[in-house]
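Only one structure is covered here, and it is reproduced in the block below.
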Amino acid sequence: MKQKLLIPLLLIASFAITLVVGSHSFRLNKVPNSSKFSCNTCHTNGGGTPRNPFGLDVESLVTPGGNETFWGPELAALDSDGDGFTNGEELQDPNGEWMEGMAQPGDIALVTAPGDSNSKPSATSVTDLFGNPAIYELHGNYPNPFNPSTNIQFTIPQPGNVKIDIYNINGELVSSLTNKDFAIGTHSVTWNGKDNSGSSVSSGIYLYRMTSNNFVQSNRMLLLK
Ligand SMILES: [Ca+2]
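In terms of our numbering, the sequence shown opens at residue 1061 and continues consecutively.
Encoded structure:
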């Protein structure tokens, strides 16, 4: 008897779930620039499919009482898909200041999917939560001139591979200083004045070149013994 009741109950339950999922599409109006990705803003492959990481965060901020005002500084500050950019940066509203009814913020052409870690802004298209450009920077080495070692500092606005090579003034590779993944932020690597075979190099001008994503920059330094 119990099993006969179970099947209709399951059918009713699945119908109710479909109604709930289907009703979520109106939330698109409550996310800035959501027209760019439509239902894929919150779902893996359109409405009714499982929620992506951003959709899960949206869901967690919707109160059971029906309060749908979930976009704001809190959701904007999260990096739902873990790609190094906040949801606000991806949706062109870094501080979560946009409200329903306002004109869409930023440039919709620059909007990326906050639930897809493979979709991320270019470094220069967003600002951080403090309104500063989120850019790649190769800072000057310190000390300079130096002997026997110097520190090279750089900043990256998203996690990724950073390659720094040292060249002599003739453009010949001297040292492959680093070539690995770094987290978002500012880091420092040290060159000990040795070439790739471990021999100390002579006094002179050297170039260090940083490559990360599409960013390439070179600076000069002076080894003075
Ligand atoms: Ca993100």
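Here a beta-carbon is modelled for each residue, glycine too, at the ideal position from N, C-alpha and C.
Through-space distance from residue j to residue i, alpha-carbon basis
i: residue 1232; j: residue 1263; result: 15 angstroms
i: residue 1055; j: residue 1243; result: Outside the shown range of the chain, which is 1061 to 1285, sits residue 1055, and nothing can be said about it.
i: residue 1268; j: residue 1227; result: 6 angstroms
i: residue 1155; j: residue 1118; result: 16 angstroms
i: residue 1153; j: residue 1253; result: 45 angstroms
i: residue 1221; j: residue 1215; result: 12 angstroms
i: residue 1276; j: residue 1128; result: 44 angstroms
i: residue 1132; j: residue 1225; result: 43 angstroms
Candidates the options, of which the one nearest residue i by Cα
i: residue 1211; options: 1180, 1135, 1279 and 1156; result: 1279
i: residue 1143; options: 1163, 1135 and 1177; result: 1177
i: residue 1208; options: 1149, 1261 and 1157; result: 1261
i: residue 1370; options: 1088, 1224, 1149 and 1265; result: This structure does not reach residue 1370, given that the chain is present from 1061 up to 1285, and the question cannot be answered.
i: residue 1255; options: 1275, 1241, 1283 and 1270; result: 1283
i: residue 1223; options: 1240, 1229 and 1098; result: 1240
i: residue 1140; options: 1162, 1112, 1200 and 1159; result: 1112
i: residue 1249; options: 1273, 1203 and 1163; result: 1203
Residue i - DSSP class collapsed to helix/strand/coil
i: residue 1221; result: strand
i: residue 1234; result: strand
i: residue 1168; result: helix
i: residue 1197; result: strand
i: residue 1255; result: coil
i: residue 1263; result: coil
Sub-9 angstroms separation of residue i and residue j beta-carbons
i: residue 1092; j: residue 1165; result: yes
i: residue 1173; j: residue 1105; result: no
i: residue 1213; j: residue 1246; result: yes
Proximal residues to residue i (C-beta, below 6 angstroms), its chain only, five neighbours per side dropped
i: residue 1088; result: 1094
Sequence-distant residues of its chain with Cβ nearer than 7 angstroms to residue i (five each side left out)
i: residue 1115; result: 1102, 1103 and 1175
i: residue 1200; result: 1279
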